[in-house]
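The structure appears below as structure tokens.
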Amino acid sequence: MSFYIQNSRNNFLLMSEIQKPWFIVVAPVATAYAEPTFNSAKVTEVVSGESVQILEQNKEWVYVQQDDGYKSWIRNFYGRFDDDLFPATHMVINKGKFPFGMRVKLIHENIITADGQTHSMNQNIKPLIQDSEPDKIVEISKNLLGCPYRWGGKTSFGFDCSGFVQMVCCGAGIKLPRDSWQQREALKDYVIDGKTAKPGDLHFFGKNGKVTHVGFSTGGWGIIHCQGIVKEEELEKGHPNSNEKLSDIYLSTHSIRFNFRP
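Everything in the sequence shown is counted per my numbering, starting at 167 for the first residue and increasing by one.
See the structure below:
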């Protein structure tokens, strides 16, 4: 039997009182907030086909945890409540009709989306469970050149810097945390010299040790990252395509060549 409890956020059900444990996003992308109000900070996004664990809920909002541990509030009109996860097998890894990162189920030559619709397979997709392929990172990234920046974004409709890194890595079979400081912490044992970086390794930036930006090396001081848009630049000062403001706040470079699996 379920009942409402009163807390500082208003009437919410606790996890132990929730009848259906999963929320499946059906909309192309769901905006996620720090608090259950549109006036709070946007913190991340949940893409179509993602199944997220419900921690709390009320009549309008759901407090969820994604598989990377990230917790946030989303409006319940973005999807549906379910007893089971959506059986996604693949993710979209190009920009087009469906957003990059969208989870789908592959059946024969068709894909099934979380809303139950069947579509012909005209999207570039990759298995969600796969061996890590760091050499594919730059190739996947270049498919996203020109995508706009969006605070909290993690799809081809708009990325922030760390959302871009996390989702491209996911497409290459590598699991990383959501935020840039978390990504640097996860790779703290893999520090390398930036000028020897291989394509797909990560350059981090910030001030006073605080990480504020991240991007992929395209080899050495070359970088592909999302700042304004997804673009390619150079960190070496004096280069015709140099981003000198970014090179001024360079922190460290970390290898991505290890076996972190989704």
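The beta-carbon is built from N, C-alpha and C at its ideal position, and this holds for glycine as well.
Keep in mind that this is a model prediction, so the values were computed, not measured.
Output the distance between the C-alpha atoms of residue i and residue j, rounded to the nearest integer angstrom.
i	j	result
Asn-173	His-420	Because Asn-173 carries a pLDDT of 44, less than 50, the predicted location of this residue cannot be relied on, and the following value inherits that uncertainty. Each residue's Cα considered, the two are about 43 angstroms apart.
Lys-397	Asp-249	41 angstroms
Lys-361	Gly-386	4 angstroms
Pro-428	Leu-353	Bear in mind that the predicted position of Pro-428 carries a pLDDT of just 44, short of 50, making it unreliable; the figure below should be weighed with that in mind. Between Pro-428 and Leu-353, the C-alpha separation is close to 16 angstroms.
Ile-395	Trp-227	31 angstroms
Ile-295	Tyr-356	24 angstroms
Gln-223	Phe-243	13 angstroms
Ile-277	Glu-402	44 angstroms
Asn-290	Asn-407	30 angstroms
Glu-351	Lys-376	11 angstroms
Ser-413	Ile-240	36 angstroms
Glu-201	Val-230	11 angstroms
Arg-246	Ile-415	43 angstroms
Ala-363	Pro-293	27 angstroms
Lys-186	Ile-220	8 angstroms
Asn-134	Ile-303	Since the displayed the chain opens at 167 and closes at 428, residue 134 lies outside it and no answer follows.
His-274	His-256	13 angstroms
Phe-371	Val-213	27 angstroms
Pro-365	Val-331	13 angstroms
Thr-203	Gly-404	47 angstroms
Ser-346	His-369	10 angstroms
Ser-307	Lys-411	22 angstroms
Asp-359	Asn-205	42 angstroms
Val-380	Pro-194	25 angstroms
Ile-171	Arg-269	Low per-residue confidence applies at Ile-171: pLDDT is 32, beneath 50, and the placement is therefore not dependable, though the value from the model is reported in the following sentence. Whole-angstrom Cα-Cα distance: 34 angstroms.
With a threshold of 16 other CB atoms inside 10 Å of the CB of residue i, please say whether the residue is buried or exposed.
i	result
Glu-399	buried
Ala-207	exposed
Met-167	With a pLDDT of 27 at Met-167, under the threshold of 50, the modelled position of this residue cannot be trusted; read the value that follows with caution. Exposed.
Gln-349	buried
Thr-384	buried
Asp-367	buried
Ser-286	exposed
Phe-382	buried
Gly-262	exposed
Phe-264	buried
Ordered along the chain, which non-local residues of its own chain (more than five positions away) have a Cβ less than 8 angstroms from that of residue i?
i	result
Thr-210	Ala-198, Gln-232, Tyr-236, Ser-238, Gly-318, Lys-320, Gly-329, Arg-344
Ile-389	His-369, Gly-381, Phe-382, Ser-383, Glu-398, Glu-399, Glu-400, Leu-401, Asn-409, Leu-412
Within a Cβ cutoff of 7 angstroms, which residues of the same chain sit near residue i, ignoring the five residues on either side of it in sequence?
i	result
Asp-234	Pro-343, Arg-344
Phe-325	Cys-313, Tyr-315, Arg-316, Gly-319, Cys-392, Val-396
Phe-266	Val-258, Ile-259, Asn-260, Leu-310, Thr-321, Ser-322, Met-333
Asp-297	Gly-339
Cys-327	Ser-346, His-379, Val-380, Gly-381, His-391, Cys-392, Gln-393
Looking only at its chain, what residues have a beta carbon closer than 6 angstroms to the beta carbon of residue i, apart from the 5 residues adjacent to it on each side?
i	result
Arg-423	Pro-300
Asn-409	Glu-399
Pro-253	Lys-271
Ser-217	Trp-188, Ile-190, Leu-251, Phe-252
Cys-335	Leu-342
Ser-418	Val-357, Phe-370
Is any beta-carbon of chain D found at less than 9 angstroms from that of residue i?
i	result
Gly-388	Reference to chain D is not applicable here, since this structure consists of a single protein chain.
* Segment contact, 8 angstroms Cβ cut-off, at least three pairs: the stretch 301-320 with the stretch 271-289 -> no
* To do: Taking only runs that begin and end inside the stretch 222-254, name each unbroken alpha helix (DSSP H) of 4 or more residues, in chain order.
  => none
* To do: At 4 residues or longer, and completely inside the stretch 292-323: list those alpha helix (DSSP H) runs for me, N to C.
  => 303-308
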